[in-house]
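Notes to accompany the following structure.
What follows is the structure, given as structure tokens:
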């Protein structure tokens, strides 16, 4: 649907309605699955712990992703050309360089 929207085959209103419907249905399906697993936890503890491990691992991936940084394109560009549009040079201290990485 997104590609059709980008190509102009679908209006923005239709796309927004479809996107909100999909989000709502995904949320309902997830909630129903969690309720089902919680209800079966007493009889099938393995299934319950699989869901718990998935939730914990997704949280750890999120926290790791928020702490890891990508290389700064500004630093590589400043190494080649550190002059601004008005002709002044940018000089960064080592502490400022560490903050951009």
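Numbering (this note's numbering), first residue to last: 125 to 225. Ideal placement from N, C-alpha and C gives every residue a C-beta, glycine not left out.
Look up residue 213 in the DSSP assignment and say whether it is helix, strand or coil.
strand
Opening and closing residue of the alpha helix (DSSP H) in which residue 155 lies:
136-163
Own chain, CB closer than 8 angstroms to residue 156, minus 5 neighbours either side, in chain order
none
Distance between beta carbons of residue 161 and residue 175, contact taken as under 8 angstroms:
5 angstroms
How many angstroms separate the CA atom of residue 138 from the CA atom of residue 129?
9 angstroms
Straight-line gap, residue 180 to residue 173 (C-alpha atoms, nearest Å):
10 angstroms
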